[in-house]
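Q: Sequence positions in the sequence shown follow the UniProt record's numbering and run 1 to 280. Cβ coordinates follow ideal geometry from the N, Cα and C atoms, glycine included. From a predicted model like this one, the values you see are computed outputs, not experimental measurements.
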Amino acid sequence: MVVSLADFSMSLFGGLTIFSMLGLVDDKISSQLEGTSLPFVIYPKALMLMPLPKLWASFFFLTLILLGVGSFGPIYLSGATMAIDQWPALGKYRPLLVLGQAVFYFVCGCLFCTEMGYDYFTVMNEYGPGFALLFVVFLELICCIHIYGYTNFRLDLMSMFGVPKRLLARIFSPSGLYLKYMWLIVSPLAIFTIDDLLIADENDSDRRPSAYKIYTENAITIAPGPPKPARTWAKSPSLPAHSAEENPAELNENSEFQSAFAEPAISVPHRHIPFKSTLL
């Protein structure tokens with residue numbers, strides 16, 4: 001319960017910060033800000049307006065580090081636990097299993113630090129954990145609660161955590177009334193509604209996700225191989241020309257963002273900008 005409230009408070013505070021600052025600079029920016037571009041623009045601007053901006057920037061970096069460390073434990077330890085449950089002989093190598101996962105995911109994450117890293121991240125963010133993850137969770141919920149049966153599932157929980165005796169425990173415990181109605185009614189309806197909205201948004205030709213545009217317009221640049229920016233491919237005489245000169249709006253996009261802010265100028269992550277420049 002505490003973790004859920006803390007997560008909700010963090011999301012609410014982050015949303016208020018982004019959109020309040022977005023309203024402040026809306027009259028200075030003619031381009032549309034959406035998706036992952038928002039934090040790269042709004043958070044640096046908010047930090048610049050605060051007293052002692054370098055101090056608050058350090059706190060913000062520390063916040064991101066703590067979020068990463070907090071995600072590290074449950075994900076990697078659960079992976080090691082599954083491997084040990086399947087092969088008990090690996091129990092004495094648990095630290096090596098966790099270290100191996102960390103190294104593997106670090107190598108995979110280096111892909112997002114290349115010049116095409118922002119494109120890879122956008123494609124995976126919009127087509128990876130969105131609809132697919134919610135659909136898997138929906139199937140798990142249906143199998144556990146409606147096929148296996150909530151009564152059987154509740155008996156299993158009571159055998160592990162004991163029978164709740166206090167009033168609050170009868171409501172908020174793993175076998176309490178709160179989770180019962182969340183699993184039976186609220187969660188299936190919420191997940192089904194969100195998936196339906198995602199499908200409708202995907203089929204709307206006027207509101208294609210940015211990852212769809214990146215893939216269809218620059219498919220050759222995100223193919224397997226050494227990642228290069230689209231302008232580098234456009235210089236090749238053997239490939240069709242595709243550059244910002246054909247799209248004046250795209251050519252002026254970065255200058256519009258930079259002119260919206262006072263010095264020092266803040267660059268916005270874009271598919272033609274190396275990932276390194278978004279961190280400076």
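1) Give a yes or no on whether the C-beta atoms belonging to Leu134 and Asp195 are separated by under 9 Å.
2) For Ser177 versus Arg170, is the C-beta spacing smaller than 9 Å?
3) In the structure shown, what three-state DSSP assignment does His128 receive?
4) What are the boundary residues of the alpha helix (DSSP H) that includes Cys108?
5) Just list the alpha helix (DSSP H) runs in the stretch 124-179, keeping only unbroken ones of 4 residues or longer that don't cross its boundaries, in chain order.
6) Check Pro51 in the structure and name its three-state DSSP category.
7) Starting from the Cα of residue 289, find the closest Cα among Met158, Val163, Ser175 and Leu141 and give me that residue.
8) Going straight from the alpha carbon of Ser173 to that of Pro164, what length do you get?
9) Identify which residue in Ser11, Trp183 and Ile199 has its Cα closest to the Cα of Leu67.
10) Can you say whether Pro44 is buried or exposed, counting buried as having 16 or more other CB atoms within 10 angstroms of its CB?
11) What number of angstroms, rounded off, separates the C-alpha of Val41 from the C-alpha of Leu111?
12) Kindly confirm or deny that the stretch 49-57 and the stretch 65-85 touch, where touching means at least three C-beta pairs closer than 8 Å.
13) What number of angstroms, rounded off, separates the C-alpha of Met48 from the C-alpha of Cys113?
14) Classify Tyr181 as buried or exposed, calling it buried when 16 or more other Cβ atoms lie within 10 Å of its own Cβ.
15) Is Asp85 buried or exposed, if buried means 16 or more other CB atoms sit within 10 Å of its CB?
16) For Met160 and Phe153, what's the separation of their Cα atoms in angstroms?
17) Figure out for me which residue from Pro188, Phe60, Leu16 and Leu179 has the closest Cα to the Cα of Cys143.
18) With DSSP collapsed to three states, give me the class of Thr114.
19) CB-CB under 7 Å to Phe59, same chain, minus the five flanking residues each way: which ones, in chain order?
20) Can you grab the Cα-Cα spacing for the pair Leu168 / Tyr148, in whole Å?
21) Out of Phe131, Asp119 and Thr17, state which residue places its alpha-carbon closest to the alpha-carbon of Asp201.
22) Closest to Ser78 by C-alpha separation, out of Ile65, Thr63, Arg94 and Ala89, would be which residue?
23) Can you say whether Thr63 is buried or exposed, counting buried as having 16 or more other CB atoms within 10 angstroms of its CB?
24) Buried or exposed, going by whether 16 or more other CB atoms sit within 10 Å of the CB of Ser175?
A: Working from what's here:
1) Stepping through the sequence shown from its first residue, residue 134 is reached at position 134. Stepping through the sequence shown from its first residue, residue 195 is reached at position 195. Inclusion of Leu134 and Asp195 in the CB contact set at 9 Å is warranted, their separation being smaller than that value.
2) Taking the first residue of the sequence shown as 1, we reach residue 177 at position 177. Taking the first residue of the sequence shown as 1, we reach residue 170 at position 170. Per the sequence shown, the amino acid found at residue 177 is Leu instead of Ser. Yes, the pair counts as a contact, with Cβ atoms nearer than the cut-off.
3) Translated into positions along the sequence shown, residue 128 becomes position 128. Before going on, a small fix: residue 128 reads as Gly here, not His. DSSP places Gly128 in coil when its eight states are reduced to three.
4) Within the sequence shown, the letter at position 108 stands for residue 108. Note, Cys108: alpha helix (DSSP H), Arg94 to Gly109.
5) Fully contained in the stretch 124-179 are the following alpha helix (DSSP H) runs of length 4 or more, in chain order: 131-141, 150-161 and 167-172.
6) The count along the sequence shown starts at 1 and reaches residue 51 at position 51. In this structure, Pro51 counts as coil in the three-state DSSP scheme.
7) Missing from the structure shown is residue 289; the chain here goes from 1 to 280 and no further.
8) Working through the sequence shown from its first residue, we reach residue 173 at position 173. Working through the sequence shown from its first residue, we reach residue 164 at position 164. Pairing Ser173 with Pro164, the inter-Cα distance amounts to about 7 Å.
9) As a first step, residue 67 is located in the sequence shown; it is residue number 67 there, counting from the start. Closest option to Leu67, Cα to Cα, is Ser11.
10) In the sequence shown, the residue the question calls residue 44 occupies position 44. Here Pro44 is buried, its C-beta having at least 16 other C-beta atoms within 10 Å.
11) On the sequence shown, residue 41 is found 41 positions in, with the first residue counted as 1. On the sequence shown, residue 111 is found 111 positions in, with the first residue counted as 1. Distance between the alpha carbons of Val41 and Leu111: 23 Å.
12) Judged by Cβ distances under 8 Å, the stretch 49-57 makes no contact with the stretch 65-85, as fewer than three pairs qualify.
13) Within the sequence shown, residue 48 is the residue found at index 48, counting from 1. Within the sequence shown, residue 113 is the residue found at index 113, counting from 1. Rounded to the nearest angstrom, the gap between the Cα atoms of Met48 and Cys113 is 25 Å.
14) For this step, residue 181 is matched to residue 181 along the sequence shown. Only exposed fits Tyr181, as fewer than 16 other CB atoms lie within 10 angstroms of its CB.
15) As a position in the sequence shown, residue 85 is number 85, starting the count at 1. Here Asp85 is exposed: its Cβ has fewer than 16 other Cβ atoms, across all protein chains shown, within 10 Å.
16) Locating residue 160 in the sequence shown gives position 160, where the first residue counts as 1. Locating residue 153 in the sequence shown gives position 153, where the first residue counts as 1. A straight-line Cα-Cα distance of about 11 Å links Met160 and Phe153.
17) Within the sequence shown, the letter at position 143 stands for residue 143. Checking every option, the nearest Cα to that of Cys143 belongs to Pro188.
18) In the sequence shown, the residue the question calls residue 114 occupies position 114. It is coil, neither helix nor strand.
19) Locating residue 59 in the sequence shown gives position 59, counting from the first residue. Excluding sequence neighbours, Phe59 sits near nothing in its chain.
20) Taking the sequence shown and counting its residues from 1, the one referred to as residue 168 is at position 168. Taking the sequence shown and counting its residues from 1, the one referred to as residue 148 is at position 148. C-alpha separation (whole angstroms): 27 Å.
21) Locating residue 201 in the sequence shown gives position 201, where the first residue counts as 1. Distance from the Cα of Asp201 is smallest, within the candidate group Phe131, Asp119 and Thr17, for Phe131.
22) Position 78 of the sequence shown, counted from the start, is the residue given in the question as residue 78. Ranking the options by Cα distance to Ser78, first place goes to Arg94.
23) As a position in the sequence shown, residue 63 is number 63, starting the count at 1. Under the 10 Å beta carbon count, Thr63 is surrounded by fewer than 16 other beta carbons and is classified as exposed.
24) Stepping through the sequence shown from its first residue, residue 175 is reached at position 175. By the Cβ neighbour-count rule, Ser175 is buried, with 16 or more other Cβ atoms within 10 Å of its own.
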